[in-house]
Amino acid sequence: MIVLDTHIWVWWVHEDERLTQAQREAITANEADTVGVSAISCWEIAKLVESDRLELPSPLEEWFEQALNYPGVQLLALTPEIAIESTRLPGEFHRDPADQIIVATARVYGSSLVTSDDKILNYSHVTTIR
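Below, the structure written as structure tokens:
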């Protein structure tokens, strides 16, 4: 199982060229198992659309229905364990609550996090695929 950062999920659905070869391979390799997406990513995408920072080719409801039905995709709930872990991340981590929850999700599941976010890539307490 892997966990996708929000932007990676969007890039994957849109076949964006910014996805690296390693990221594509990790996603493809996990399609038969689990490609985890944190529930907070749905909120992040909705907020980006609301603020006109992201334009989707279809209404949010349709986009989510399609994106959540991609091979292997499993929506990962924000559990109490993940919520607590997000407030107790070891070392120094930035204050973005969505990133904290996504990192905590990967840590709780013992999974690699697929991301291109430098702040997460530089955080040594989560395994990443860049």
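Just so you know, the sequence shown maps onto residues 1 to 130 in our numbering. From the three backbone atoms N, C-alpha and C, an ideal C-beta is built for every residue, glycine too.
If I follow the unbroken alpha helix (DSSP H) through residue i, where does it start and stop?
i: Ser112; result: Where Ser112 is concerned, there is no enclosing alpha helix (DSSP H), although the beta strand (DSSP E) it sits in stretches over 112-114.
i: Leu60; result: 60-67
i: Ala29; result: 21-30
i: Thr105; result: 97-109
i: Thr79; result: Note, Thr79: premise wrong, no alpha helix (DSSP H); not H, not E.
i: Leu121; result: 118-121
Is it buried or exposed, residue i, if we count other Cβ atoms within 10 angstroms and call 16 or more buried?
i: Thr115; result: buried
i: His125; result: exposed
i: Leu76; result: buried
i: Ala104; result: buried
i: Glu44; result: buried
i: Leu113; result: buried
Using a Cβ-Cβ cut-off of 8 Å, state whether residue i counts as contacting chain C.
i: Asp5; result: Absent from the structure: chain C. Only one protein chain is present.
Roughly how many angstroms lie between the CA atoms of residue i and residue j, to the nearest whole one?
i: Pro27; j: Val35; result: For the record, residue 27 in the displayed sequence is Ile; it is not Pro. Each residue's Cα considered, the two are about 7 Å apart.
i: Thr128; j: Arg95; result: 19 Å
i: Gln66; j: Thr87; result: 32 Å
i: Val3; j: Leu48; result: 20 Å
i: Asp52; j: Ala46; result: 10 Å
i: Trp12; j: Pro90; result: 29 Å
i: Leu68; j: Asp118; result: 26 Å
i: Cys42; j: Tyr123; result: 23 Å
What residue range does the beta strand (DSSP E) around residue i cover?
i: Ser41; result: Taken as a continuous stretch (DSSP letters only), Ser41 belongs to no beta strand (DSSP E), being part of the alpha helix (DSSP H) at 39-50.
i: Val3; result: 2-4
i: Leu76; result: 73-76
Measuring CB to CB, does residue i end up less than 8 Å from residue j?
i: Arg107; j: Glu85; result: yes
i: Ile120; j: Asp99; result: yes
i: Leu78; j: Ala39; result: yes
i: Asp132; j: Ile101; result: No answer is possible for residue 132: the residues shown for the chain start at 1 and end at 130.
i: Tyr70; j: Met1; result: no
Return yes when the C-beta of residue i is under 7 Å from any heavy atom of the ligand COA, and no when it is not.
i: Ile82; result: Looking for the ligand COA in the displayed structure turns up nothing, as the structure carries no ligands at all.
Assess, as a yes-or-no matter, whether the stretch 15-22 is touched by the stretch 52-62 under the definition of 3 or more beta carbon pairs within less than 8 Å.
no
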